[in-house]
Structures are given as structure tokens and as C-alpha cells.
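Asks: Sending over a structure as C-alpha cells; questions will come in a sec.
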Amino acid sequence: MNAADALATMPYAQFLGVEVLVSDTGTLFVLPFRDELIGNRWLPALHGGVVGAFLELVATGELFTQTEPGRVPKPIDFSVDFLRSVGPRTTHGKATIVKHGRRIANVRVIAWQSDESKPVAAGTGNFLL
Numbered sequence: 009m010n011a012a013d014a015l016a017t018m019p020y021a022q023f024l025g026v027e028v029l030v031s032d033t034g035t036l037f038v039l040p041f042r043d044e045l046i047g048n049r050w051l052p053a054l055h056g057g058v059v060g061a062f063l064e065l066v067a068t069g070e071l072f073t074q075t076e077p078g079r080v081p082k083p084i085d086f087s088v089d090f091l092r093s094v095g096p097r098t099t100h101g102k103a104t105i106v107k108h109g110r111r112i113a114n115v116r117v118i119a120w121q122s123d124e125s126k127p128v129a130a131g132t133g134n135f136l137l
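Start counting at 1 in the sequence shown, then tack on 8, and there's your number in our numbering.
Right, here's the structure in full:
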């Protein structure tokens, strides 16, 4: 199963409108900006829960591309580091599978907005396969 098909089965990914772009350099996940995703109207900034969920969805989507069909990755734990304010713009994410064992996988994710060298958030998670 590819990442786009996997995310299409997840209601929260559909609600967020997460898109998947596949290229020669790998899989890129895109969270289009919408006003409903704002958590702090004063800054304005995206809600931290939206950012964390997006990172977890990126990790899950990447695992779907590397896991045999029929095995659904289930999160064991996931931690998020907020590095910068996540402004009202489209957010991009990319995952790296650090370890893919028979039962457990470890994934690292970064998210950025306008410049990949300036990440706005990072996440690390362990998943049961």
C-alpha cells in the first residue's frame, strides 16, 4: 500500500487534508493551511495538536510504504519537539525510518514551512508493526 492510499483510510488525515507527493527524492507530505487549524489567533500559529498529529501521520504514512501489505503500524509512543512558531502557511513533512525490525520500527520526522533547513517541528516515534 502506498502512503496516499494509507492516509485516505484515516479520518483525521482526511479532515486535515494531508496530501502526499512522491518524487525521486522520496515521499513528501503536505499539510495545506486552513483558518480552522489556527490554535493561537494572537500570533497566529497552528494548533500544537494539529502539528503533532501531522508529524505522526507523516511517520505512519512513510511506514506504510516500507511495510508489507496488511500490517498496520500502531504507535507505541511519539514525542514532538516544537522548534519554531508554526505560522499560517502550508507545512511540509518528511520521515526517515531509523530502524525497521520485524515487530518494531523507529521513525524520525521533520516539518518545515518555507525552508527545509529551518524546521518548525520534529518528532520521534516507535511503532508496532
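Idealized CB from N, CA, C, for every residue including glycine. Here the structure is a predicted model, which is why all the values come from computation and not from measurement.
(1) With DSSP collapsed to three states, give me the class of Asp43.
(2) So if DSSP puts Asn114 in a beta bridge, which residue, or which two residues, is it bridged to?
(3) How far does the beta strand (DSSP E) with Asp13 in it reach, from first residue to last?
(4) Quick check: the segment 23-30 against the segment 78-89, are at least 3 beta-carbon pairs closer than 8 angstroms?
(5) Reducing DSSP to helix, strand and coil, say where His58 ends up.
(6) Our contact map puts Asn134 next to Ile112 with C-beta atoms below 8 angstroms; I'd like the distance itself, whole angstroms only.
(7) Skipping 5 residues on each side, what residues in its chain have a beta carbon closer than 6 angstroms to that of Val94?
(8) Using a 10 Å radius around the Cβ and a threshold of 16 neighbouring Cβ atoms, would you call Pro81 buried or exposed?
(9) For Phe72, which residues in the same chain have their Cβ closer than 6 angstroms to its Cβ, ignoring the five residues on either side in sequence?
(10) Considering only DSSP beta bridges, list what Thr68 is partnered with.
Replies: A quick look at the data gives this:
(1) Taking the first residue of the sequence shown as 1, we reach residue 43 at position 35. The answer is helix: DSSP assigns Asp43 an H, G or I state.
(2) Counting from 1 along the sequence shown, the entry for residue 114 is found at position 106. Its beta-bridge partners are Lys107 and Asn134.
(3) Indexing the sequence shown from 1 puts residue 13 at position 5. Per DSSP, Asp13 belongs to no beta strand (DSSP E); it is in the alpha helix (DSSP H), Ala11 to Ala16.
(4) no
(5) If you number the sequence shown from 1, residue 58 lands on position 50. For the record, residue 58 in the displayed sequence is Val; it is not His. Val58 falls in the helix class under three-state DSSP.
(6) Position 126 of the sequence shown holds residue 134. Position 104 of the sequence shown holds residue 112. So it is a contact: roughly 6 angstroms between Cβ atoms.
(7) Position 86 of the sequence shown holds residue 94. Closer than 6 angstroms at the Cβ level, and outside the excluded window around Val94, lie Ala53, Leu54, Val59 and Val128.
(8) By 1-based counting over the sequence shown, the position of residue 81 is 73. With 16 or more Cβ atoms within 10 Å of its Cβ, Pro81 is classed as buried.
(9) The residue labelled residue 72 in the question sits at position 64 within the sequence shown. If we look at Phe72 and ignore the five residues flanking it on each side, its Cβ neighbours are Met9, Ala11 and Ala14.
(10) To locate residue 68, count along the sequence shown from 1; it is residue 60. In the DSSP output, where bridge partners are listed per residue, Thr68 has none listed.
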